[in-house]
Amino acid sequence: MAKHKKHKPKPRTAGVSTLRTVALAATGVAVGLFGILLARRKPSEGHAAPDLALGKARPGPTDRAPEAFRPDPTAPVTAADRESLRPATGPVPSMVEPRGTMASQTGA
């Protein structure tokens, strides 16, 4: 008696892969349009940086930044800013073992 093999239906991947390709293409177009819109918008605030304008020579070491870009040396420093600029002290965790210890422990 001959064994009958069950006929397996072919998976329907052509429609799914086409749908995924179309969705990926639509997402790419949407991201591209969003990028174009962002590039075309005009800045609403801030200062112009004439020394960094296109077509101008780059500033040299003797050139100064415009007044709006210079820090105010007489401005008060808040306690939070002072704390954030404090140097780190004390032991620092490291991935490197201290000298003289085994690099890998094999047991208790």
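The numbering of the sequence shown is the numbering used here, which starts it at 1 and goes up by one. Heads up, the beta-carbon is just placed ideally off N, CA and C, and yes, glycines get one too.
Classify residue i as helix, strand or coil using the three-state DSSP reduction.
i	result
LEU37	helix
THR110	Residue 110 lies beyond the residue range present for the chain, which begins at 1 and ends at 108; the question has no answer from this structure.
GLY90	coil
ALA53	coil
ALA30	helix
THR21	helix
ALA65	coil
GLU83	helix
GLY15	helix
field: Contact between the region 53-71 and the region 80-87 (3+ Cβ pairs under 8 Å)
entry: no
- prompt: Can at least three beta-carbon pairs, one atom from the region 61-70 and one from the region 83-91, be found at a separation below 8 Å?
  reply: no
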